[in-house]
Amino acid sequence: MYSEWASLSSLIHNGNEENFSVLGKFPMAEGKTVAISVVKHLAGNLGISQAAEPSPLTTDREVLWCMEVVCFGLSLPLSEHDTIRDCVFVYCEWLSALHPIPKISVPKPVCEDPNLYARKMINHFHNLFVPRKGEGHDVINRQAVLCHRVLRTLQTLAQVSNRMNRETWESLLLFLLAINDTLLGPPTVKDDVGDQLCERVLSVLFEVWLLACSRCFPSPPLWKTFREMCMNWRHRMALIEQWNRANLVLTSKLLEFMYGPSFPELKVSEEDAQLIPCGMGNDCVAQAWFRFLHCIGNPVDLCHPAIISQTQKFLQFAITSEDVVDPYQHPCLTQLPKIFSKAIRGIAVLVDSFLGMPKASLIGLTSGRTTTSHSATTTNSGPSSTSSLSSVLSTLGQDTRPPLAPARPKCNSILHMFGEWLFEAAHIGCHGSSHISDNSRLGEASTKRPSSLLLDGSVRKSIGSGNSLGIQGMMVNASPSFSPASSQPASLNDATELPPSLTIEKFESGRAEALGALCRIFCAKKTGEEILPVYLARFYLALQQGLKIPEDKSGDARICGEVLSSIILNSSDLFRLDLDGVQVLVPYVLDALEVVLPDKELSPKSPYVSKTELRRASIHILLSMLVLPLHFQTLPIRELSTGSDKNYTPLTFIQLKPRLMNLLINALQVESDPQNTQMLLGGLLLSVQDAAAYEEMEQGIQLDQGQDTPSNLLSSASDTMSSHSLSDYRSLTEDLPELQEGDAAFGNLYYDYPCRLSKNSAHALFVQATYLVCHRLMSSWKSDLNVSLAALELLAGLARTHIRKTARKLTDDLECKRAVKWLCDYVAQQCSRPPPAHSKDLHSSIVAAFQTAATWLSAHPFLLHDKECLTTVLEVVELGISGTKSQGKPGEPIKMKEEKELKPASMRVRDAAEALLTVILEQVGYFPSPCGAESLSSLLDEAALLRHCRSPSSLTPPFHRNCSNSILNEQYKGSSPLHHFRYFVIENSTMLALLEEPLGVADEQDSQPTVTLLIRGPFGRHAWSMQLRHLPRHKSGSKYHAPNPGRPIPMGEAPVRSDIKPRYFPESVDRIPLCKVDHSIPSLESTFVEDEKSSMEHSHLARLMERQVAAEAAAVQKSKALLEQIRDSGGQVECTPPPVCHEFQTARLFLSHFGFLSSESLKEPLNSPIAPLMALDINQTGFSNDLETLDGISCRTCDTVHLFYVRARQKTAEEILANVNSSSTVNPHFLEFLSSLGWPVSVHKHSGWSGHVSTSWRVTESQSGFDLPVSDHGGSLYNGESKVLYWADVNSEIAFVVPTLKSQKFMDTISTDGSLTSGDLSSGPASFDRSFSDKSYITPVPVPPEKPMRTFSLDLERQQQLAQQDGSVTCSAGSGASCNPNEIMPPAPPPPTRQKRLGRQGPGSLYTSGGDTKVLVIWLESFEDWIHVPIGDLLNSMVTGLEGGARPNERESFVIFLHALQTGLLRVKLQGPSGRMTIATPLVDGMVVSRRVLGTLVRQTSLNMCRRRRLENDTYHPPHVRRRLKIQEMTQKYMIKMSEPELYTYLFSSPPS
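Sequential numbering from 0 applies to the sequence shown in numbering that gives the first Met the number 0.
Here it is, written out as structure tokens:
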């Protein structure tokens, strides 16, 4: 930089002639006498002890003579302290001549020409700073005090003077350089004057130099001299501290004007910020920044004692000292490792500043002060290694480092500036490093331009494709010094010549800083940014060397030194970026991770590195490597340097899969941090599902070719595999006895482990994950809610994982049974914990366990065929519902149901157990139903059933033609289908709608009593049709007589007819004589003589009997006459059966046969005002609306995920929404991803959740243009107008919507509360398949706020009924319901506000669904755009109708960012609200996934996010509870209170029409 300029170093070393006084020519005694007398008189006029007086010196000759005396006085021995002090005072006062207002004591000639005299005085001050030999400690302290006074005066002069010319500035700067060289040039001696003044003289030098840059920019010779002098002082720690200080303050100013105010500010202390003068221009700042940066030369020289000690004063000291043979053996050089570390750390902080991630604290970097907090300063210049974060972070695995600045410079630019130093520092102590010999280094006068900037054109072509071969070719050609044959400098290699404190291991901290800074630079690569291949090559070589595990002196190679820690902490994004050829580092990184993750007792060497943070960074790297083996498969991994081994065979990616899986399992075994554990669980599920999807695609390709040895996955998969399994888990890898047929299905975990599993198969991972997670869930994780939820989510994901048939084993049944048994044991163990341990978190984990068990049973229906499994599940269901098990401990008697007290752990636990029981009874083995997965309920409603009735008269013309709008509304008075049904409520939880008219075509010959039921319960709506038959159905069609048997042949002889008179007693009775006893019984007539009333009744009865006798006699006579008439006419009497009866009171028959009409059943229970059977009055206003609202409450949870595609540099919602209109504007993999999320369904033919309440849970006729085929789209087909993507299981349903500008306009016609405006979908005809009309929700009549709906009381119904026994609820003006029965109710969704489960609830709180969780999946073309995505604007296009008018909150939304890498893999970034349970798996922030499982993982993560959100919400009601509460509300409003006789009369009468 200054090679063509002359240096002024010789002037400083040889001294200035002006520093010598003429009195020095005389003997010391005479000179001392003159100086003492003259200086004492001069000091007397300064005003120190008395008032200041004008100086008597009036001519230049007088002043110059006195200055000769003062110059001599400053060089006196320190024993003459008073005289030296007076000399200092005189000059300090006279220098005020350069101030705007000089002091009165300044001589007139000095005031007239202040610059001339100031230069002389400044030069004379040099004598004061010359060290005196043989002085004591106290005397040296006095000298230091006077030096401080001089430095303070000169510093003030530079700050306030506006009269200094260039010559004076240069004299001042040269003086500061000279005194610094005088004090700091020699080797450090403790407590000498140089040691005491070191920090002060350097700070003044740097501060005054910065002032000079603003007011009189130093000339190139001065800059060159400044640089040469600083290189002589590099053995002083204070120099590096002041160098860092100046660099930081200049960099802060530089960033401000280079990148603008939006760039992250580099905060410096207020004291340091004042170093930059206010008027310093931008160009001046830039020039000064670059020169200060290079003023100490190459910082890497600090690790070479021979170079640092190669100065004139070190050589003089070695010559004159008897203890020091070689200059580099001086004791002061033992501080070089710390100095080197601080210098490299300063560079690293500058790198961070340019990346936009400035340090939060710079204490210890710019001063010798240290901090007691390890979190304030970090050794690795990376993320602050504070204590481990708890599991309440907003997003799982989210990086705690500050985000990189979007406007940061390119990596190449930063490397051009700092790369040469960092690369060289990263290679110290390594074979094949970039160091050059000491001799050539010593001969250099200045550093050269980094050779990395020179790139041959032919080399560019060879590596332009970015493949690993080109990168490897650059490994050797990057620099001549990269040859493996190049040797380390002798001063570092020859350990016998260096003291122990200067061995290369002592410089590890600085090397760690350099590698950390390099990692951060390369991990700051932007999407599409190119980095010079030569830089990549040098970086990979540096990492290769840094990742090598050094041999410890004790022989243990498994240590985590500072270098390894720094690389791991700062390389989380290494495999998440499109770095060309980065895959060559995979084996080395894997070696390093195998040191950190499996070792539970690992203690990092650096005290500033948190073990938890180190493990977390390692897990981040591991999660980015898990999918590489199956993605690249047999692609070889080229070795960076193969050496002389010609037979070397490169590794393939597939060979690393066993090591990765083994490492993942081992890490999960020993991990104790909750957040780290959840990240590992997400990676484990990714591995299982990716392997299963790969095997399903490959169909029979075995991943472990040539490895048929029976082994467990945890055992060593290869010679190079990690063998660090824990001793407490090695039993899994040992030879275990085979399973016997008689073994218990749920035996010991380790005893029953199947040994002969293919270590690389998905089935092996499935079994391994199930065993490990279940075991640790029971033993270690049960007390942590978030870890328990993550483990249960993993188990649920495993239950849904499809293993190809050819890979399944005979033990599959046993494995699944064992998993369910573990879940049941977990629930039992959690429920059995003591009362103080019961909390919301505990109950949330139990609820999640019940949901996971439901997933396992529905995915594996065969489990219920096993008696023991069924018993275990039902026992835990009983435990959840009642709080205890009927079968207690062995030997205890069985406790019957009526003997138990209903005390579940909580209402939430009871609700979850009921849901599991319903799944067992209704869904396991039958899901999906014939109606499809989109509905668990029957699609039939009242109108649909009436349409199939046999009697045409039951349908009025409006229903016979079409059931437009609401089929349950009341606009057709007397024609509503509801009037053909009888409605009853059973047990205050189930509503029955009974239709007594038969279905189908009328069959006069086979008419049976038929009843059709619509059963509306907590778990859906079901349609039953029943017939009362006396024969089985398969025999009902056979007749026992011929249809026309023909007339038999008449008998020729007439039968003999005997006229027998019927008698009540035999004839023998008449022959028995009567006795007195017989006369004791009076006759009937005698009883009426005295009783007139009885006589009248007897007469009336006699007349009735006579009338009946006459009628019967007339009938007999009529029959005889008819027979005689037929006989006379010659005809025959034909026997015909009676006509078939078509009218039955089947409702009464059904209720009677099912035991609902017994006297016991009709009695009101003592603890409830509502009888078990209650009839409902359908004629009351609002019944049809409430019934439709009940059908609109799904029996499953419903969630919506909205997907967006963001092209590079897009920042507005309009641009983003327009991307999906054409396939040409989206990545083809985006469309592939959409197809993997769910099933495409037509909104108008779909009976499940469709993403908006206005089109959900009903089937309608499509509107014009909605279902037109779209040939070219980028996902806009699924915008919710005509189609959506849908997925459902027994517990939940989820819709995936791709919003567009068109759909946003469509949603604008729908208010945020779900109602439709004029001209919307309701104008068209509707289908009959569901009871929903085009208006989805009818506003229910609200419950008064003073009536509590739900509490924590175990007697839910009792609380509900007692609170509402005052009377029915009337229409409310503010509820949105109309009291006019002829008016159609305006549709509205349930209000989103949820009242707390504990306490009172307001209007509409019955239908609160736990809030509408907003989940966004955003596909990014440029990963850096995630910061600019307008989430708030995109939320406006995500209307679902569940918002209730509230504006969606951006901070409450979950965002899953996806970025496609050039390798075909995808990078994941998660963003979400902070909360205790919002960290959902399996996706983890920073995870790299394959396209095979992307859709599955996104869907599972979205579902888990929403489920955790519901678990966290105190006011959330499960769907079946909301349905039950709605039924109870309708019972209170519409029940008919009747006595038992009135109920019987009601049943015997026909239904009202």
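For every residue, glycine included, the Cβ atom is placed at its ideal position computed from N, Cα and C. Fair warning: this is a prediction, and the values are worked out from it, not measured in the lab.
Asked, Found
"Could you give the DSSP three-state label for residue 1175: helix, strand or coil?", "strand"
"Measure from the alpha carbon of residue 1537 to the alpha carbon of each residue in 1016, 1162, 289, 941, then state which is nearest.", "1162"
"Across the segment 398-418 and the segment 517-536, are there enough close Cβ pairs to call them in contact, namely three or more that are closer than 8 Å?", "yes"
"Compare the beta carbon distance of residue 1554 and residue 994 with 8 Å and say whether it is the shorter of the two.", "Nothing can be reported for residue 1554: it is not among the residues displayed for the chain, which extend from 0 to 1552."
"At what residues does the alpha helix (DSSP H) containing residue 587 begin and finish?", "585-595"
"Could you tell me which of 191, 1524, 585 sits nearest to residue 656, measuring between CA atoms?", "585"
"In terms of residues, what are the limits of the alpha helix (DSSP H) holding residue 1471?", "Here residue 1471 belongs to no alpha helix (DSSP H), and DSSP marks it neither H nor E."
"Taking the alpha-carbon of residue 354 as reference, which of 1534, 326, 251 has the nearest alpha-carbon?", "251"
"Quick test of your reading: residue 784 and residue 824, contact by CB under 8 Å. State the CB separation rounded to the nearest angstrom.", "With 8 Å as the limit, residue 784 and residue 824 do not qualify as a contact, their Cβ atoms being about 18 Å apart."
"Pick helix, strand or coil for residue 1108, following the three-state DSSP scheme.", "helix"
"Can you pull the DSSP bridge partners for residue 1282?", "1241"
"Starting from residue 205, trace the alpha helix (DSSP H) both ways and give me its first and last residue.", "192-214"
"Measure from the alpha carbon of residue 315 to the alpha carbon of each residue in 185, 255, 302, 197, then state which is nearest.", "185"
"Count the other C-beta atoms from every protein chain shown that fall within 10 angstroms of the C-beta of residue 49, then say buried if there are 16 or more, exposed otherwise.", "exposed"
"Here's the rule: buried if 16 or more other CB atoms are within 10 angstroms of the residue's CB, otherwise exposed. What is residue 1503?", "buried"
"Going by other Cβ atoms of all chains shown within 10 Å of its Cβ, with 16 needed for buried, is residue 3 buried or exposed?", "exposed"
"Once the 5 residues before and after residue 935 are set aside, which same chain residues still bring their CB inside 6 Å of it?", "1019, 1194"
"Where does residue 1507 fall in DSSP's three states?", "helix"
"Nearest CA to the CA of residue 1156: which residue from 1543, 521, 671?", "1543"
"For the segment 1273-1286 and the segment 840-851, state whether three or more C-beta atom pairs, one from each stretch, are separated by less than 8 Å.", "no"
"Excluding five sequence neighbours on each side, which residues of the same chain lie with their C-beta closer than 6 Å to the C-beta of residue 1209?", "1215"
"Under DSSP, the beta strand (DSSP E) around residue 1011 begins and ends at which residues?", "1009-1016"
"For residue 1468, does the count of other Cβ atoms within 10 angstroms reach 16, so buried, or fall short, so exposed?", "buried"
"Going by Cα to Cα distance, which pick from 1480, 1137, 1205 is closest to residue 1426?", "1205"
"Using CA atoms only, rank isn't needed, just tell me which of 1159, 1517, 1451, 1254 is closest to residue 1291.", "1517"
"With residue 1245 and residue 933 assumed to form a contact (beta carbons below 8 Å), what rounded beta-carbon distance in angstroms separates them?", "6 Å"
"Excluding five sequence neighbours on each side, which residues of the same chain lie with their C-beta closer than 7 Å to the C-beta of residue 1218?", "1204, 1206, 1224, 1225, 1273"
"DSSP three-state label for residue 1545, please.", "helix"
"Under a Cβ-count criterion, where at least 16 other Cβ atoms within 10 Å of its own Cβ denotes burial, should residue 868 be classed as buried or exposed?", "buried"
"To the nearest angstrom, how far is it from the Cα of residue 58 to the Cα of residue 280?", "42 Å"
"As a quick exercise: from 1251, 159, 794, pick the residue whose alpha carbon is nearest that of residue 677.", "794"
"If you compare alpha carbons, which of 975, 218, 517 is closest to residue 1178?", "975"
"Can you tell me whether residue 136 is helix, strand or coil according to DSSP?", "helix"
"How long is the line joining the alpha carbons of residue 275 and residue 283, rounded to whole angstroms?", "11 Å"
"With H, G and I counted as helix, E and B as strand and the rest as coil, what does DSSP make of residue 81?", "helix"
"Just to confirm, is the Cβ distance from residue 145 to residue 83 under 8 Å?", "yes"
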